[in-house]
Every structure is written in C-alpha cells, then in structure tokens.
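The next block holds one structure in the form of structure tokens; read it before the comments.
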Amino acid sequence: MNLSVLGAGNGAQTLAGHLASKGNAVMLFEHPDFPENLKAIKQKGNRIRLDGVLSCTGELKAASSDISEVVGHGEILFVLMPSYAQERVFDLAMPFLREGQLIVFMPGNFASLVAKRKLSESNLRDKGVLIAETDTIPYACRLKEPGESSVYGLKDYLSISSLPGSRIDDVMAILKPIFPISMSPMKNVLNVGFANTNMILHCPTMIMNAGRIEFGAPKFGFYEEGMTPSVCRVMEGMDEERLRVGEKLGLKLKTEFEDILANYPMEGDFKSLYEVIQNCEVYVGHGADSPDTLTFRYISEDVPFLLVPVAQFGDLVGEPTPLIDAVIALSEVANDVKYRESGRNFRALGLESMSVEEIKEYVR
285 MNLSVLGAGN GAQTLAGHLA SKGNAVMLFE HPDFPENLKA IKQKGNRIRL DGVLSCTGEL
345 KAASSDISEV VGHGEILFVL MPSYAQERVF DLAMPFLREG QLIVFMPGNF ASLVAKRKLS
405 ESNLRDKGVL IAETDTIPYA CRLKEPGESS VYGLKDYLSI SSLPGSRIDD VMAILKPIFP
465 ISMSPMKNVL NVGFANTNMI LHCPTMIMNA GRIEFGAPKF GFYEEGMTPS VCRVMEGMDE
525 ERLRVGEKLG LKLKTEFEDI LANYPMEGDF KSLYEVIQNC EVYVGHGADS PDTLTFRYIS
585 EDVPFLLVPV AQFGDLVGEP TPLIDAVIAL SEVANDVKYR ESGRNFRALG LESMSVEEIK
645 EYVR
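For the sequence shown, this note's numbering assigns the number 285 to the initial residue and increments by one for each residue that follows.
In structure tokens, the structure reads:
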C-alpha cells in the first residue's frame, strides 16, 4: 500500500521503517526548515534500521520535504509529530488532500477536531477525507541517529477513533491489514484524547522535579528517580479527576495503573502506581534521561494540548479539577506561557458555545 508518514522524529521514523519493512511503499515527510534528518536518511539509501524488541530494516520510497509529493503519494497519511507542529503541517497538506484519503494523527491529542475546524473554515470543506486519531504511538523508542531507531517497547494495542465516531468501522477496515499492532476502537475522539495518559505521567513529574531539572547536572532517571511515591500520589489524584470528567461525558477510560499494565503486561501483585512504574522495564533502567529544561515537551505539549482541554471539559460538565488546574497554573508561571490561551481550548477545537449534548452529537 502507498503510505505517507508526516514527521521525522522518533516515532515517525520508527513507524516509517517498520511499515516499509513489511513491503509498503512509504514516503517520509519532514518540514523544509529541518533538513538534517532527511539528509542523513538519504545518505543511508533511504533505509531506516530498527533494533531492540524489533529487528528489521525498511527502505523508503522517498524521504522528502515536498509536501505535495508526500501527500499525493499516500492512501493513508500518518501524522506523527509534536502537537504544536500538527496544525502547521496540516495547513501545508490541506491543498493537496483528495477524496478517499485517511488521515491518522498519532497521538492525536484532540487534533482531529482542529483539522475538522480548519477544513470547515476553508473553502476546501472536508474534501471527502476521513480523519482519525490515536491515543499514542505503537512504540517506546529513541533515535540513535537519523535512520536508526532503538525500540525498547512495543505496545500490545493502541486506542483509536474517527471523526465522526460513526466512521470507525471504515477506519478499521483500512488500517487493520497494514497496521503493526492491534487497535482498540473507541466511541469518539474525546474518548481517545482523554485516554492519552501522558498528561498524568509527565506533567506533575516535571513540576515536582522543577528545581532538579533546572539545576542541570547531574541528570536523573525521569521515571525511575523522578516518579517517587509522593509524585505518584499526585498522579493518582489527577487521574481520578480525569476519570470523573470523562465519566460525565460518557467516556470509558482506564486508570493510569490499568493502562500501563494493558500496554506493557508484567507479572506481580502491584498495589500502587508507584510500584507499577518502578517495575516496568519500558520506563526504568535507561539511565539518566531527564529533560534539560522545563520547556521540554512533557510540559510544552502535554499541558496545553491535553490538560487544558480536560480542565475545560471539567468546567463544562461541572466537575472540579483542582490538581489539574494547579499543574496548569504552575506550568504557566514557570515557563511564562499562557497555556490556557495558546492550547487546545474550546475555541481551537471548534467547540466554543456548544453544550455538552451538542458536543456529543458533533463527535458522534
């Protein structure tokens, strides 16, 4: 199948290499402002090598900064990049979309709602494309260098939905023959956005280790050393808020505890989130991997694109989110950024002035 992967970071290169190794004709796109990744891949003969829990090499059809070429090639467009880059690249791609294409944001972080708003506001309308998003990517991975990815975890499944949710069977029929892991369909894209638990793992750990991160050396194991019992208790409190808001929206969600065990099955009788994290080989044992700055994506992405919409949905359904609100507020002050204004609030998602029932119908 002709596939296109938009983005050239850890997840994008890994997915492109993995799909290409299975015989698909894969094109990889990187924004023209960042040519280094593509140059290195081209020097390797357009090959991407994976090692670790996967061992394979995929040869790409092309690695390109020509958005028209890459979008024109793909029957499916996988968009794997930080949330703050999704809109910029989608704007570039929109003029070249065609009827029948499937666009999959991975992870979406409510990106499908932004894409639908942008298409509605343009003279392109929906152009007959199908939009979907997932809660995560299939891999826990890290680039050793462009064209070489170390994969230290492969998820058992990921959650996915379409916009509108009524098209999920169409999405599954298209993806199932080529996607490398199982997919769990969810009722709508709100369910998928709320299911991304990066907001629970990353954000409080960053804030509660702020001094350690800003001081610099020595770096520390972010999950292993940064997620202490007290940090994990805050995570569990935030998780309860996420679940309560989701329940009032009619969403089916796993706890963070359940989500880790579902993605990375482990043997043991674990009593707390702290115990699960400390015994998960995907998270621990990778050395000093803490971020160097509080502007790292664990805040700059996960706060505005995950915590902000969850908090706003909490306001809409009348469910308080004091811990989530506190982490947002501390992140705004620490980084001097108004994440509630710049993030995926209802205005950005195209949901402004809608009632709860109107939103449910919109995504249904």
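For glycine and all other residues, C-beta sits at the position ideal for the given N, C-alpha and C.
Keep in mind the model is a prediction, meaning the values are calculated, not measured.
| Item | Value |
| --- | --- |
| Tell me the DSSP secondary structure of residue 507 in three-state form. | coil |
| Quick check: the stretch 444 to 461 against the stretch 502 to 520, are there 3 or more CB pairs under 8 angstroms? | no |
| Threshold first: 4 residues or longer. Then list the alpha helix (DSSP H) segments lying entirely within the stretch 469 to 526, N to C. | 473 to 479, 482 to 492, 494 to 499 |
| By DSSP's criteria, residue 435 is part of a beta bridge. Which residues make up the other side? | 336, 425 |
| Kindly indicate which three-state DSSP category residue 416 falls into: helix, strand or coil? | strand |
| Evaluate residue 536 with the Cβ neighbour count: other Cβ atoms within 10 Å of its Cβ, from every protein chain shown; 16 or more gives buried, anything less gives exposed. | exposed |
| Residue ranges of each alpha helix (DSSP H) run of no fewer than 4 residues wholly in the stretch 343 to 368, ordered along the chain? | 351 to 357 |
| Check this for me: beta carbons of residue 615 and residue 421, under 8 angstroms apart or not? | no |
| Assuming residue 347 contacts residue 374 (C-beta within less than 8 angstroms), just tell me the rounded distance between them. | Going by Cβ atoms, the distance from residue 347 to residue 374 rounds to 20 angstroms, so no, they are not a contact pair. |
| In the DSSP assignment, the beta strand (DSSP E) including residue 310 goes from what residue to what residue? | 309 to 313 |
| Thinking C-beta only, is residue 436 closer than 8 angstroms to residue 425? | yes |
| Assign residue 467 to one of three DSSP states: helix, strand, or coil. | strand |
| So does the stretch 585 to 600 actually touch the stretch 480 to 491, counting three or more Cβ pairs closer than 8 angstroms? | yes |
| Rounded to a whole number of angstroms, what is the C-alpha to C-alpha distance between residue 601 and residue 621? | 26 angstroms |
| DSSP state of residue 623, grouped into three classes? | helix |
| Measure the CB-CB distance between residue 294 and residue 433 and report whether it falls below 8 angstroms. | yes |
| By alpha-carbon positions, which one of 517, 561, 450, 315 ends up nearest to residue 377? | 315 |
| Answer yes if the stretch 464 to 480 comes into contact with the stretch 392 to 406, meaning at least three C-beta pairs across the two stretches below 8 angstroms, and no otherwise. | yes |
| So within the stretch 546 to 605, which uninterrupted alpha helix (DSSP H) runs reach at least 4 residues, ignoring any that extend past its ends? | 557 to 562, 581 to 584, 592 to 601 |
| Using the beta-carbon count (16 or more within 10 Å), is residue 550 buried or exposed? | exposed |
| Give a yes or no on whether the C-beta atoms belonging to residue 520 and residue 557 are separated by under 8 angstroms. | yes |
| Checking contacts by CB at 8 angstroms: is residue 524 closer than that to chain D? | Of the protein chains in this structure there is only one, and it is not chain D. |
| Taking 8 angstroms as the cut-off, decide whether the C-beta atoms of residue 522 and residue 607 are in contact. | yes |
| Is it true that the CB of residue 312 sits closer than 8 angstroms to the CB of residue 296? | yes |
| Less than 8 angstroms between the C-beta atoms of residue 308 and residue 287, yes or no? | yes |
| In the DSSP assignment, the alpha helix (DSSP H) including residue 404 goes from what residue to what residue? | 395 to 405 |
| Taking the continuous alpha helix (DSSP H) assigned at residue 321, which residues delimit it? | 320 to 327 |
| Can you list, in chain order, the residues of its chain whose CB lies under 6 angstroms from that of residue 302, leaving out five sequence neighbours each side? | 464 |
| Just list the residues that DSSP pairs residue 245 with in beta bridges. | For the chain, the structure presents residues 285 to 648; residue 245 sits outside this window and is missing. |
| Specify the secondary structure class of residue 294 as computed by DSSP and reduced to three states. | helix |
| Return the CA-CA distance between residue 497 and residue 418, expressed in angstroms with no decimal places. | 30 angstroms |
| Classify residue 303 as helix, strand or coil using the three-state DSSP reduction. | helix |
| Could you tell me the distance, in whole angstroms, from the CA atom of residue 544 to the CA atom of residue 611? | 22 angstroms |
| Given residue 563, which residues of its chain have a CB within under 8 angstroms of its CB, disregarding the five upstream and five downstream residues? | 550, 552, 554 |
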